[in-house]
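Trainee: Next up is a structure, given as structure tokens.
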Amino acid sequence: MRAARRFHLPVVSQNRFTSTVVGADAVDHAIILSTAKMNKILELNAEDAYAVVQPGVINNDLDQAARKQGLFYAPDPASKKMSGIGGNVATNAGGLSGVRYGSTRDNVLGLKVVLADGRLLDLGGKTSKQAFGYNLTQLFVGSEGTLGTIVEITVKLLPLPLGESLMGLAYFKDMHTLAEATKDLRMSGIYPAMLEAMDSHTLQAVSEFRDNKEMAGRGAALIFRVDSISDEGKQIVKNIMDKYHVTDVQLATDPAEQDKIISVRQDMLPAIFTGRSAVMEDMAVPTSRMAELVDTIQALSDKYPELEIFTAGHAGDGNLHPTVTWSKDAKEMPESVNIVLHEMFTKALELGGTISGEHAVGMLKNQWNNVELGEDVDWIQHQIKSLFDPMNLLNPKRKID
Numbered sequence: 001m002r003a004a005r006r007f008h009l010p011v012v013s014q015n016r017f018t019s020t021v022v023g024a025d026a027v028d029h030a031i032i033l034s035t036a037k038m039n040k041i042l043e044l045n046a047e048d049a050y051a052v053v054q055p056g057v058i059n060n061d062l063d064q065a066a067r068k069q070g071l072f073y074a075p076d077p078a079s080k081k082m083s084g085i086g087g088n089v090a091t092n093a094g095g096l097s098g099v100r101y102g103s104t105r106d107n108v109l110g111l112k113v114v115l116a117d118g119r120l121l122d123l124g125g126k127t128s129k130q131a132f133g134y135n136l137t138q139l140f141v142g143s144e145g146t147l148g149t150i151v152e153i154t155v156k157l158l159p160l161p162l163g164e165s166l167m168g169l170a171y172f173k174d175m176h177t178l179a180e181a182t183k184d185l186r187m188s189g190i191y192p193a194m195l196e197a198m199d200s201h202t203l204q205a206v207s208e209f210r211d212n213k214e215m216a217g218r219g220a221a222l223i224f225r226v227d228s229i230s231d232e233g234k235q236i237v238k239n240i241m242d243k244y245h246v247t248d249v250q251l252a253t254d255p256a257e258q259d260k261i262i263s264v265r266q267d268m269l270p271a272i273f274t275g276r277s278a279v280m281e282d283m284a285v286p287t288s289r290m291a292e293l294v295d296t297i298q299a300l301s302d303k304y305p306e307l308e309i310f311t312a313g314h315a316g317d318g319n320l321h322p323t324v325t326w327s328k329d330a331k332e333m334p335e336s337v338n339i340v341l342h343e344m345f346t347k348a349l350e351l352g353g354t355i356s357g358e359h360a361v362g363m364l365k366n367q368w369n370n371v372e373l374g375e376d377v378d379w380i381q382h383q384i385k386s387l388f389d390p391m392n393l394l395n396p397k398r399k400i401d
């Protein structure tokens, strides 16, 4: 870092390079600082339920190591088997279980960060509570490498839930109905750990990808999981399904059968991207407004027939990933793609939401800073950036530039 500062060279920190928003690509004359090989679990403390890891540790590897001690690491992004904890922290990655266990931010206790001038900051600690000083730990979570390079992370672990876990795959007539049912499940008191939605376009693509007609022609699907469910909880699930006239529900308590259900969600991205050009988006709204957002997305899909929009995501916390696709044979991206994205972003903000729920900002959305945050907040962000990185060398052109 000191050498980069001396020679005025930008530094782009890379971890496992799974960004979806051009968050860690090289810029001109930049030093690429990879932390992928800093991949050791330095400490796993079962008694106090925390782990200290280097940034290159794969998310799934940490989780599996914790499970051997009767614990687990809760954040589970779709890239869990290939993304590193450092990148997860830098982007505040979410995941399928975020509705109950939160995003990465909610599971970070402490950080070690190298600043632009080479100083090493030791932030936070190993306790679940700390009220001394400003919370600089959380400032660096989601900072996308623009304030410093994360070299060590302390995360909290959770005890494995006791009792029976119930997973289900329920088919609804449309996404609007699914959104209403999701709201009821979330507020029912059973504390779902997963509420994943897929629209009819997504189900059709997965059906073709798997060469399985079971999902073809369905209106929408919800994959849900409830940890440590009681008999009363099972009845609540049944009552909500009956309320929305759901007659086709696959339920599983056996781990192998649950894996089959979740594989439907895991096949989503390869199914959508096969044979298509695509832009996958990331926005979140209050769950009470999610039905309005899905209605807007459907209207845009109808309005621009040259495009196909696949909508799926973490319905439990209102975080949707509409993926706008067009013909692979097209020589360039249709202008209607930008129009659709602009209208979706505008609607999400109008509903009190955000245009970046968990995929960060990177280079693709920083021009929306004033729109979502307002000029005053954007100005403060630039002051913070100038304090930590006065020469603007750390991951330039991302997050706020």
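For the sequence shown, position 182 (counting from the first letter as 1) is numbered 182 according to UniProt numbering, and the numbering increases by one without interruption.
Cβ atoms here follow ideal geometry from the backbone N, Cα and C, with glycine treated the same way.
Do you know whose CA, among L185, F72 and E47, lies nearest D63's CA?
Mentor: Position 63 of the sequence shown, counted from the start, is the residue given in the question as residue 63. Among L185, F72 and E47, the Cα nearest to that of D63 belongs to F72.
Trainee: May I have a chain-ordered list of the alpha helix (DSSP H) segments no shorter than 4 residues that lie completely inside the stretch 268-322?
Mentor: Whole alpha helix (DSSP H) segments, 4+ residues: 268-273 and 290-303.
Trainee: Can we say the stretch 65-82 touches the stretch 98-113, given the rule of at least three CB pairs closer than 8 Å?
Mentor: The answer is yes - the stretch 98-113 touches the stretch 65-82, with three or more Cβ pairs under 8 Å.
Trainee: Candidates K347, F310, L251 and D28: which alpha carbon is nearest L293's?
Mentor: Stepping through the sequence shown from its first residue, residue 293 is reached at position 293. Nearest option by C-alpha distance: K347.
Trainee: Would V113 pass as a contact of L123 if the rule is Cβ separation under 8 Å?
Mentor: Sequence index remark: in the sequence shown, residue 113 carries index 113 (1-based). Sequence index remark: in the sequence shown, residue 123 carries index 123 (1-based). Cβ distance < 8 Å, so V113 and L123 count as in contact.
Trainee: For T287, count the other beta carbons within 10 Å of its own beta carbon; 16 or more makes it buried, fewer makes it exposed. Which is it?
Mentor: Within the sequence shown, residue 287 is the residue found at index 287, counting from 1. That one is buried.
Trainee: Which residues does DSSP pair with A197 in a beta bridge?
Mentor: To locate residue 197, count along the sequence shown from 1; it is residue 197. Per DSSP, L222 and G313.
Trainee: For E232, which three-state DSSP category applies?
Mentor: By one-based count along the sequence shown, residue 232 stands at place 232. E232: helix per DSSP, three-state reduction.
Trainee: Could you tell me how far apart the beta carbons of I32 and I85 are, in whole angstroms, since I believe they sit closer than 8 Å?
Mentor: As a first step, residue 32 is located in the sequence shown; it is residue number 32 there, counting from the start. As a first step, residue 85 is located in the sequence shown; it is residue number 85 there, counting from the start. Between I85 and I32 the Cβ distance is about 19 Å, and since that is not below 8 Å, they are no contact.
Trainee: For V57, report the span of its alpha helix (DSSP H) as first-last.
Mentor: Along the sequence shown, one-based indexing puts residue 57 at 57. That residue, V57, is in no alpha helix (DSSP H); it is neither H nor E in DSSP.
Trainee: In angstroms, rounded to a whole number, what distance separates the CA positions of R6 and A116?
Mentor: By one-based count along the sequence shown, residue 6 stands at place 6. By one-based count along the sequence shown, residue 116 stands at place 116. If I take the Cα positions, the gap works out to 11 Å.
Trainee: Check whether the stretch 255-264 touches the stretch 336-356, taking contact to mean three or more Cβ pairs, one atom from each stretch, closer than 8 Å.
Mentor: These segments do not touch.
Trainee: How long is the line joining the alpha carbons of Q69 and V155, rounded to whole angstroms?
Mentor: Counting from one through the sequence shown, the residue named residue 69 turns up at place 69. Counting from one through the sequence shown, the residue named residue 155 turns up at place 155. Approximately 15 Å, taken between the alpha carbons.
Trainee: What's the call for T253, buried or exposed, on a 16-neighbour Cβ count within 10 Å?
Mentor: Against the sequence shown, residue 253 aligns to sequence position 253. Under this definition T253 is an exposed residue.
Trainee: Which partner residues of K156 appear in the DSSP bridge assignment?
Mentor: Sequence index remark: in the sequence shown, residue 156 carries index 156 (1-based). Answer by DSSP bridge pairing, in chain order: Y50.
Trainee: Does the beta-carbon distance from M194 to I229 come in below 8 Å?
Mentor: By 1-based counting over the sequence shown, the position of residue 194 is 194. By 1-based counting over the sequence shown, the position of residue 229 is 229. The answer is no: Cβ separation not under 8 Å.
Trainee: Mapping DSSP to helix, strand and coil, what is K399?
Mentor: Indexing the sequence shown from 1 puts residue 399 at position 399. Three-state DSSP puts K399 in coil, outside helix and strand.
Trainee: Going by DSSP, what residue range makes up the beta strand (DSSP E) through E43?
Mentor: Within the sequence shown, residue 43 is the residue found at index 43, counting from 1. Here the beta strand (DSSP E) through E43 covers I41 to N45.
Trainee: In the DSSP assignment, the beta strand (DSSP E) including D259 goes from what residue to what residue?
Mentor: Numbered from its first residue, the sequence shown carries residue 259 at position 259. Element bounds for D259: not the beta strand (DSSP E) but the alpha helix (DSSP H), P255 to Q266.
Trainee: Using CA atoms only, rank isn't needed, just tell me which of T35, S13 and N39 is closest to V27.
Mentor: Locating residue 27 in the sequence shown gives position 27, counting from the first residue. The shortest C-alpha separation from V27 is found at S13.
Trainee: Tell me, please, which residues DSSP counts as bridged to G124.
Mentor: Taking the first residue of the sequence shown as 1, we reach residue 124 at position 124. Answer is G110, bridged to G124.
Trainee: Using 8 Å as the threshold, is the C-beta distance between G98 and H314 below it?
Mentor: Residue numbering aside, residue 98 sits at position 98 when the sequence shown is read from its first letter. Residue numbering aside, residue 314 sits at position 314 when the sequence shown is read from its first letter. Yes, Cβ-Cβ distance for G98 and H314 is below 8 Å.
Trainee: For Y171, which beta-bridge partners are listed by DSSP?
Mentor: In the sequence shown, residue 171 corresponds to position 171, counting from 1. According to DSSP, which records beta bridges pairwise, Y171 is partnered with A221.
Trainee: Of all the options I58, F273 and D282, which has the alpha carbon lying nearest to the alpha carbon of M344?
Mentor: Indexing the sequence shown from 1 puts residue 344 at position 344. That would be D282, whose Cα lies nearest to the Cα of M344.
Trainee: Hey, N60 and A36: beta-carbon distance below 8 Å or not?
Mentor: Translated into positions along the sequence shown, residue 60 becomes position 60. Translated into positions along the sequence shown, residue 36 becomes position 36. No.
Trainee: Go ahead and label V377 buried or exposed: buried means 16 or more other beta carbons lie within 10 angstroms of its beta carbon, across all protein chains shown.
Mentor: Reading the sequence shown from its first residue, position 377 is the one you call residue 377. Label assigned to V377: exposed.
Trainee: Which of the three DSSP states is assigned to A252 in this structure?
Mentor: By 1-based counting over the sequence shown, the position of residue 252 is 252. Residue state, collapsed to three classes: strand.
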